[in-house]
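K.L.:
My questions will all concern the structure given below.
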Ligand SMILES: [Zn+2]
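Numbering (the working numbering), first residue to last: 271 to 425.
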């Protein structure tokens, strides 16, 4: 089948494929480098404030500003410190806050979030995990009824 090709053609084919692949990669890199950047979703005032560097951090839950040394948000009490997730004592508050969101808030009902809540509670609170699962199920059923009046919506 390949007998009609000469030895030079067989050696040239990988070189051509490599050159075409290299050209395609180079074109993609040039396309990304020359792409116009999208404007930020905030206006120029906030852009300038953010670039000054002395802007206070804000809580991701309630947008209240907090000091760099705070461990908890003064507005809502959420765990906000920069190192809370690494501190041997404070990470439990972050973990508890995440798990509490599963039992008290609107949780996206899909296999990843529900499975994540179940595995996380099992890993950290082994004995109490079944109690947490019941509370999670009650929350999911309550929010599922409020969110979807029709057939069950997933994802
Ligand atoms: Zn807050």
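Ideal placement from N, C-alpha and C gives every residue a C-beta, glycine not left out.
Report yes if the CB atom of residue 330 is closer than 9 Å to the CB atom of residue 352, and no otherwise.
P.N.:
Contact flag unset, no.
K.L.:
Three Cβ pairs or more, each shorter than 8 Å: is that satisfied between the stretch 326-346 and the stretch 372-381?
P.N.:
Touching, no, given that fewer than three Cβ pairs across the two stretches are closer than 8 Å.
K.L.:
What is the DSSP secondary structure of residue 395, reduced to helix, strand or coil?
P.N.:
Residue state, collapsed to three classes: coil.
K.L.:
In whole angstroms, give me the CA-to-CA distance for residue 289 and residue 311.
P.N.:
Straight-line Cα distance between these residues: approximately 40 Å.
K.L.:
Using alpha carbons as the reference points, say which of 285, 307 and 325 lies closest to residue 315.
P.N.:
Selected option, being the one with the closest Cα: 325.
K.L.:
Just grab the DSSP bridge partners of residue 342 for me.
P.N.:
Answer is 349, bridged to residue 342.
K.L.:
Should residue 315 be listed as close to ligand 1, given that the test is whether its C-beta is under 8 Å from any heavy atom?
P.N.:
The answer is no for residue 315.
K.L.:
Which residues end up in the neighbourhood of ligand 1 when you take C-beta atoms closer than 6 Å to any of its heavy atoms?
P.N.:
For ligand 1, the selected residues are 329, 331, 332, 334, 343, 345, 346 and 348.
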